[in-house]
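Colleague: If you read the protein sequences in the order shown, they are chains A and B. No gaps in the numbering here: position 269 of the first sequence is 268 in numbering that gives the first Met the number 0, and each next residue is one more. No gaps in the numbering here: position 112 of the second sequence is 111 in numbering that gives the first Met the number 0, and each next residue is one more. For each residue, glycine too, the CB sits at the ideal point set by N, CA and C. Have a look at the structure that comes next, please.
2 protein chains.
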Amino acid sequence: MARPNLSVPTASRIIAHIRDRGLAPGEHLPAQGLADALRLSRAPVSAALKRMAEEGIVRLEPNRGYFLAKAPDEIASPLADPAAGAEPEDEVYARIVDDCLSGRLPERVSENELMRLYGLARTRLLKTLNRIQSEGWADRRPGNGWEFLTGLRSRAAYEDAYQFRASVESQALLLPSFAIDRPAFAEARAGQEEILAGGFERMGRARLFELNSRFHEMLVGCAGNSFFTDALVRVNRLRRLLEYRATVDRSRLPLQSKEHLLILDMIEAGELARASAFLKAHILGASAIKSPIVAG
Amino acid sequence: MARPNLSVPTASRIIAHIRDRGLAPGEHLPAQGLADALRLSRAPVSAALKRMAEEGIVRLEPNRGYFLAKAPDEIASPLADPAAGAEPEDEVYARIVDDCLSGRLPERVSENELMRLYGLARTRLLKTLNRIQSEGWADRRPGNGWEFLTGLRSRAAYEDAYQFRASVESQALLLPSFAIDRPAFAEARAGQEEILAGGFERMGRARLFELNSRFHEMLVGCAGNSFFTDALVRVNRLRRLLEYRATVDRSRLPLQSKEHLLILDMIEAGELARASAFLKAHILGASAIKSPIVAG
DNA sequence: TATTGCTTTTTAACATTTTATCATGCAAAC
DNA sequence: GTTTGCATGATAAAATGTTAAAAAGCAATA
Chain A
0 MARPNLSVPT
10 ASRIIAHIRD
20 RGLAPGEHLP
30 AQGLADALRL
40 SRAPVSAALK
50 RMAEEGIVRL
60 EPNRGYFLAK
70 APDEIASPLA
80 DPAAGAEPED
90 EVYARIVDDC
100 LSGRLPERVS
110 ENELMRLYGL
120 ARTRLLKTLN
130 RIQSEGWADR
140 RPGNGWEFLT
150 GLRSRAAYED
160 AYQFRASVES
170 QALLLPSFAI
180 DRPAFAEARA
190 GQEEILAGGF
200 ERMGRARLFE
210 LNSRFHEMLV
220 GCAGNSFFTD
230 ALVRVNRLRR
240 LLEYRATVDR
250 SRLPLQSKEH
260 LLILDMIEAG
270 ELARASAFLK
280 AHILGASAIK
290 SPIVAG
Chain B
0 MARPNLSVPT
10 ASRIIAHIRD
20 RGLAPGEHLP
30 AQGLADALRL
40 SRAPVSAALK
50 RMAEEGIVRL
60 EPNRGYFLAK
70 APDEIASPLA
80 DPAAGAEPED
90 EVYARIVDDC
100 LSGRLPERVS
110 ENELMRLYGL
120 ARTRLLKTLN
130 RIQSEGWADR
140 RPGNGWEFLT
150 GLRSRAAYED
160 AYQFRASVES
170 QALLLPSFAI
180 DRPAFAEARA
190 GQEEILAGGF
200 ERMGRARLFE
210 LNSRFHEMLV
220 GCAGNSFFTD
230 ALVRVNRLRR
240 LLEYRATVDR
250 SRLPLQSKEH
260 LLILDMIEAG
270 ELARASAFLK
280 AHILGASAIK
290 SPIVAG
């Protein structure tokens, strides 16, 4: 009935801020300073600090302000999760797309029908539908109703997405503006080695997907061309939804990660053309193997 | 205060339908049949026919329905224009983006401020802002207000867009699924020849832009991969806004069209690799020459 | 029997209102 | 002098209300 409360996401941003700066326990956390850093006013910052005080992360000294109570590494709280406070809209979004994919949704539905089905107020539903539309899952029909597209759930669309990725990513490596981002490379390498060292069996599928798509997005990001990056992010958003429905063949993950590391090596050795070709084959190979479970 | 009236766009769709089928004067136009073809109910179709009757395009015989009064080719009415009834939302959208590009808009504005500036109700403004956001011109800030991005109006972003286009288009030609669409080729060829035959001096810039971007979209469309097409359409939407602000160097248009025709020839001769390389050079060459007028 | 013409019901665009939250200014405390 | 604490005003998210238009149903007509 009112504006969304920023205190939770703000708390997680404050914790990230503390970690970045490596602040020590006992240090003062001035509200205005944090507000400036996060580009907010003091109000939501104070609210966030209050919550953090309840969890024992910071300590309040009346009229003096908040002080860090724990070492950054020791903070273990739901608030520390960067995903904390992610919009609940996301949940409805996922539910609708899932229903669309599994064919539970009639091809054509009116807004009122959807409101009933998902128990949403019009504003909220519309916000979600707009997002779904912009991602290509649904289209508003002239007159009444929404049409859920069946095209994207076909095997062909899935392969098209891989063709597109293969093309965009391999071309990005060849751009004149491509330049290695050392810290990002190091981070990506660490992620892949974590998968190799047993993560491929242990990790949740969400984390696996995240690590791998982040690898590819990092690579393309090095080209410094936002059109390439945006295009890739866009496909990956769709891919995430499709692949969550597929079973992961975990036995293939180590090979995948080895190839990822190999690509980093090639690039660092300056063999961009080779890396580009290899990356392309790598992506198309993955497409041939994966079999998404999509409703007919 | 109510729903948008579909009668105008429906009329133009009906005229297109009549042309497609090559109906002769005197033929009956059953309302339900048209409604089915346009996937609407009879209500907006009847309203459209009524309007068309006022313009003398069709004739009403009481209790018998509407009958075509003119030959399809002789229909000359504002209703025949496919752009008729385009959403007025587009106008506000263009105005905001234009203000953003020319720097008339402060970098940070609240929604209320924008409502005042453009005289819009919140719902309408938000709809537009969402679109602007999804296209990368603006971003919602945590807390209050919107931030208009300056990144896209830089020279670098402009060149990045051309790099992206060059890559997407040239790769599309090389896809295994690429297949020539004869009628589309013929239409594109006709358009380019029209430009060569004096159109480059005569035509409005909107039509020139349309013909040329349609040429490129048609080419990529032949690959039958919606990810490629969508990506291109997306960049072209941005490009249109940027290039409307630039001066057109009309002396270069004939060469451009000749190159377009050459590309069609190469493809028809089966020389896809050559066509792909030439297309890439063609696009990058255009980028080097054009100088968009963008506010610092 | 198919199609129009009219009526009723449903739908969605827009305006308005409500309210929790954000931003801001100022006095008090350190 | 800097920073908190609190009060005041501004902002935007959601619910509600209103209304023109679209869909659906039905009787009348060719």
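#1: Leaving aside the five residues before and after B:Arg121 along the sequence, list all residues of the same chain whose C-beta is less than 8 Å from its C-beta, in chain order.
#2: Would you please verify whether the beta carbon of A:Asn224 is less than 8 Å from any beta carbon of chain B?
#3: Extract the residue ranges of the alpha helix (DSSP H) inside the region 25-50 of chain B, only unbroken runs of 4 or more that lie entirely within it.
#4: When you compare only the Cα positions, how much space is there between A:Pro175 and B:Ile131?
#5: Cα separation between B:Leu59 and B:Pro253?
#6: Just checking B:Gly220 against the ligand PLP - is the residue's beta carbon closer than 7 Å to any of the ligand's heavy atoms?
#7: What does B:Gly142 reach in chain A if we use C-beta pairs closer than 7 Å?
#8: Whether or not the region 146-164 of chain A and the region 205-220 of chain B are in contact is what I'm after, with contact meaning three or more pairs of Cβ atoms, one per stretch, closer than 8 Å; do they touch?
#9: Does the beta carbon of A:Val91 come closer than 8 Å to any beta carbon on chain B?
#10: Is there a Cβ of chain A sitting closer than 8 Å to that of B:Ala230, yes or no?
#11: Quick one: what does DSSP say B:Tyr65 is sitting in, helix, strand or coil?
#12: Give the interface partners of B:Phe227 over in chain A, defined as CB-CB distance under 7 Å, in chain order.
#13: Per DSSP, what are the beta-bridge partners of B:Asp138 in this structure?
#14: Look at the alpha carbon of A:Phe274 and the alpha carbon of A:Glu168, and state the distance between them as a whole number of angstroms.
#15: Skipping 5 residues on each side, what residues in its chain have a beta carbon closer than 8 Å to that of A:Tyr65?
#16: Does the beta carbon of B:Asn111 come closer than 8 Å to any beta carbon on chain A?
#17: Under DSSP, the alpha helix (DSSP H) around B:Leu237 begins and ends at which residues?
#18: I need the DSSP call for A:Val247, collapsed to helix, strand or coil.
#19: Name the one or two DSSP bridge partners that A:Arg107 has.
#20: Are the CB atoms of A:His16 and A:Ala36 nearer to each other than 8 Å?
#21: Please determine, among A:Leu128, A:Leu173, A:Asp97, the residue with the shortest C-alpha to C-alpha distance to A:Ala272.
#22: Around the C-beta of B:Ala165, are 16 or more other C-beta atoms found within 10 angstroms, so that it is buried, or is it exposed?
#23: At 9 Å on the CB atoms, spell out the chain B contacts of A:Ser133, in chain order.
#24: Check the DSSP bridge columns for A:Arg58 and list the partner residues they point to.
#25: Indicate whether at least one CB of chain A lies closer than 8 Å to the CB of B:Ser166.
#26: Hey, could you find the ends of the alpha helix (DSSP H) A:Ala268 is sitting in?
#27: Compare the C-beta of B:Val234 against all C-beta atoms of chain A and say whether one is closer than 8 Å.
#28: From A:Ile288 to B:Ala1, what does the alpha carbon distance come to, in whole angstroms?
#29: So A:Pro24 and A:Ala68 are supposed to be a Cβ contact under 8 Å. How far apart are they, rounded?
#30: Going by C-alpha distance, which of A:Leu22, A:Ala42, A:Asp89, A:Pro61 is nearest A:Glu73?
#31: Among residues of its own chain, excluding the 5 on either side of A:Ile13, which ones have a beta-carbon nearer than 8 Å to its beta-carbon?
#32: Please state whether DSSP places A:Ile179 in a helix, a strand or coil.
#33: Which residue from A:Leu100, A:Gly142, A:Arg20, A:Ala155 puts its Cα closest to that of B:Ser40?
Modeller: Checking against the coordinates, here is how it stands:
#1: The sequence position of residue 121 of chain B within the second sequence is 122, counting from 1. The answer, listed in chain order, is Glu110, Met114.
#2: Start at 1 with the first residue of the first sequence, and residue 224 of chain A comes out as number 225. It does; some Cβ of chain B falls within 8 Å.
#3: 30-37
#4: Your numbering for residue 175 of chain A matches position 176 in the first sequence. Your numbering for residue 131 of chain B matches position 132 in the second sequence. Using only the alpha carbons, I get a separation of about 30 Å.
#5: Position 60 of the second sequence, counted from the start, is the residue given in the question as residue 59 of chain B. Position 254 of the second sequence, counted from the start, is the residue given in the question as residue 253 of chain B. Going by the C-alpha atoms only, they are around 48 Å apart.
#6: Judged by which ligands are present, the structure shown has none, so any question about the ligand PLP falls away.
#7: As a working mapping, residue 142 of chain B is identified with position 143 in the second sequence. What B:Gly142 touches in chain A: Leu5, Leu39, Ser40, Pro43.
#8: no
#9: Translated into the one-based positions of the first sequence, residue 91 of chain A becomes position 92. With 8 Å as the cut-off, A:Val91 does not count as an interface residue toward chain B.
#10: Residue 230 of chain B sits at position 231 when you count from the first residue of the second sequence. At least one chain A Cβ lies under 8 Å of B:Ala230.
#11: In the second sequence, residue 65 of chain B corresponds to position 66, counting from 1. Strand at B:Tyr65.
#12: Locating residue 227 of chain B in the second sequence gives position 228, where the first residue counts as 1. Within chain A, the residues near B:Phe227 are Phe163.
#13: Here the question's residue 138 of chain B lines up with position 139 in the second sequence. The partner list for B:Asp138 (beta bridge, DSSP) reads B:Glu146.
#14: In the first sequence, the residue the question calls residue 274 of chain A occupies position 275. In the first sequence, the residue the question calls residue 168 of chain A occupies position 169. According to the sequence displayed, residue 274 of chain A carries Ala and not Phe. Computed Cα separation, rounded: 11 Å.
#15: Taking the first residue of the first sequence as position 1, residue 65 of chain A is located at position 66. If we look at A:Tyr65 and ignore the five residues flanking it on each side, its Cβ neighbours are His27, Leu28, Ala30, Leu48, Met51, Ala52, Val57, Arg58, Leu59.
#16: As a working mapping, residue 111 of chain B is identified with position 112 in the second sequence. No - not a single Cβ of chain A is within 8 Å of the one on B:Asn111.
#17: As a first step, residue 237 of chain B is located in the second sequence; it is residue number 238 there, counting from the start. 225-242 is the span of the alpha helix (DSSP H), which, as asked, contains B:Leu237.
#18: In the first sequence, counting from the first residue as 1, residue 247 of chain A sits at position 248. If DSSP states are grouped into helix, strand and coil, A:Val247 belongs with coil.
#19: Start at 1 with the first residue of the first sequence, and residue 107 of chain A comes out as number 108. DSSP, once it has assigned bridges, lists A:Glu146 as partnering A:Arg107.
#20: Numbered from 1 along the first sequence, position 17 holds the residue referred to as residue 16 of chain A. Numbered from 1 along the first sequence, position 37 holds the residue referred to as residue 36 of chain A. A contact, by the Cβ cut-off of 8 Å.
#21: Numbered from its first residue, the first sequence carries residue 272 of chain A at position 273. If we check each option's Cα against that of A:Ala272, A:Leu173 comes out closest.
#22: The residue labelled residue 165 of chain B in the question sits at position 166 within the second sequence. Result: buried.
#23: To locate residue 133 of chain A, count along the first sequence from 1; it is residue 134. Near A:Ser133 (Cβ distances below 9 Å), the residues of chain B are Asn129, Arg130, Ser133.
#24: Numbered from its first residue, the first sequence carries residue 58 of chain A at position 59. A:Arg58 pairs with A:Phe66.
#25: Taking the second sequence and counting its residues from 1, one reaches residue 166 of chain B at position 167. B:Ser166 counts as touching chain A.
#26: For the purposes of this step, residue 268 of chain A is taken as the residue at position 269 of the first sequence. Element bounds for A:Ala268: n/a, residue is neither H nor E.
#27: Position 235 of the second sequence, counted from the first residue, corresponds to residue 234 of chain B. At least one chain A Cβ lies under 8 Å of B:Val234.
#28: Taking the first sequence and counting its residues from 1, one reaches residue 288 of chain A at position 289. Taking the second sequence and counting its residues from 1, one reaches residue 1 of chain B at position 2. For A:Ile288 and B:Ala1, the distance between alpha carbons rounds to 51 Å.
#29: As a working note, residue 24 of chain A is residue 25 in the first sequence. As a working note, residue 68 of chain A is residue 69 in the first sequence. Yes, they are in contact, since the Cβ atoms of A:Pro24 and A:Ala68 sit about 6 Å apart, within 8 Å.
#30: Residue 73 of chain A sits at position 74 when you count from the first residue of the first sequence. When each option's Cα is compared against that of A:Glu73, the closest is A:Leu22.
#31: Taking the first residue of the first sequence as position 1, residue 13 of chain A is located at position 14. Cβ neighbours of A:Ile13 beyond the five flanking positions: Leu28, Leu33, Leu37, Val44, Ala47, Leu48, Met51.
#32: In the first sequence, the residue the question calls residue 179 of chain A occupies position 180. If DSSP states are grouped into helix, strand and coil, A:Ile179 belongs with coil.
#33: As a first step, residue 40 of chain B is located in the second sequence; it is residue number 41 there, counting from the start. Here the closest residue by C-alpha is A:Gly142.
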